[in-house]
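Numbering (the numbering used here), first residue to last: 1 to 228. These notes are about the structure you will find just below.
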Ligand code: ADP
């Protein structure tokens, strides 16, 4: 669940990245966040995970008041969400198995639980046979799926993906999207920031479009429009 009420974010250099945004994303929804480069998509994601603090307004994520939470509460917020970053952020010196297991270790999961869950998730993303590989030995699409596995291993209520199909070929992109749909079907709320026109048009999900930090469109079964 996401709720933003009159949220504004002005960076220290004066850039108004988010300009009075209000929106609600209900549990179980699948939402695309689109808009040109510089329109505020990444800032919005950073606000939701409290990497950036809002200048004004209220933000609630999974029932937590993100805008006014103490620093000590941030880890609890992050446990309720999985994030797939554009640059994957996989640990290069750990195997694929250990990358995913590590996400469970840091939230204090039992060893037995980790042993059971990691192979299940790796299989789900089609990387069961690559568990002993290091990130450097994986293709871009495989690294994307590995990042996805790590993001969902703790069964988050909310999954956020920033450009999950950027730089991937159409077939691999399609596979990633099918995976996201499967994860969504399991009840996880999904927010995907993307430039991928084909993907947005094919999926017919809710589309929220940003321009200069404002919401200029919010369609329940949206398409990517390129109007002048
Ligand atoms: P998008 O993800 O849609 O490309 P961003 O959220 O990265 O958009 O950027 C929105 C605006 O905020 C842009 O004008 C950008 O230059 C500015 N911006 C983003 N991050 C910072 C930052 N750390 N410091 C200052 N300005 C920033």
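Ideal Cβ placement from N, Cα and C applies to all residues, glycine included.
(request) Using the Cα positions of residue 146 and residue 68, report the straight-line distance between them to the nearest angstrom. (result) 33 angstroms
(request) Helix, strand or coil for residue 129, going by three-state DSSP, please let me know. (result) helix
(request) Pick out the complete beta strand (DSSP E) segments inside the stretch 4-90, 3 residues or longer, and give them in chain order. (result) If one requires a minimum length of 3 residues, the beta strand (DSSP E) runs lying completely within the stretch 4-90 are 16-25, 30-34, 56-61 and 81-84, in chain order.
(message) For residue 204, which residues in the same chain have their Cβ closer than 7 angstroms to its Cβ, ignoring the five residues on either side in sequence?
(response) 221
(request) Compute the beta-carbon to beta-carbon distance between residue 54 and residue 47, rounded to the nearest angstrom, for a pair I have assumed lies under 8 angstroms. (result) Rounded, the Cβ-Cβ distance is 6 angstroms, consistent with contact.
(request) To the nearest angstrom, report how far apart residue 213 and residue 185 are at their CA atoms. (result) 30 angstroms
(request) Specify the secondary structure class of residue 145 as computed by DSSP and reduced to three states. (result) DSSP, read as helix, strand or coil, puts residue 145 in helix.
(message) What does the Cβ neighbour count give for residue 106, buried or exposed, with the cut at 16 atoms within 10 Å?
(response) exposed
(request) With DSSP collapsed to three states, give me the class of residue 216. (result) strand
(message) I need the straight-line Cα distance from residue 144 to residue 30, nearest angstrom please.
(response) Near 19 angstroms, if we compare the C-alpha coordinates of residue 30 and residue 144.
(request) Determine the closest residue to residue 104 out of 37, 155, 177 and 21, with distance taken between C-alpha atoms. (result) 155
(message) Which residue marks the beginning of the alpha helix (DSSP H) containing residue 171, and which one marks its end?
(response) 170-185
(request) Reducing DSSP to helix, strand and coil, say where residue 196 ends up. (result) coil
(message) For residue 193, count the other beta carbons within 10 Å of its own beta carbon; 16 or more makes it buried, fewer makes it exposed. Which is it?
(response) The C-beta of residue 193 has 16 or more other C-beta atoms within 10 Å across all chains shown, which makes the residue buried.
(message) So, under 8 angstroms CB-CB, residue 159 and residue 108 are touching, yes? Tell me the CB distance rounded to an integer number of Å.
(response) So it is not a contact: roughly 21 angstroms between Cβ atoms.
(message) Let me make sure I understand the geometry here. Which of 85, 42, 21 and 176 has the alpha-carbon closest to that of residue 56?
(response) 21
(request) Could you check what DSSP says for residue 105 in three-state terms: helix, strand or coil? (result) For residue 105, the secondary structure class from DSSP, reduced to helix, strand or coil, is helix.
(message) I'd like the list of long-range same chain contacts for residue 5, defined as Cβ closer than 6 angstroms, with 5 residues on each side in sequence excluded.
(response) 22, 57 and 58
(message) Just to confirm my understanding: we take residue 90, look at its own chain, exclude 5 residues before and 5 after, and list those with CB closer than 7 angstroms. What are they?
(response) 99, 135, 143, 146 and 147
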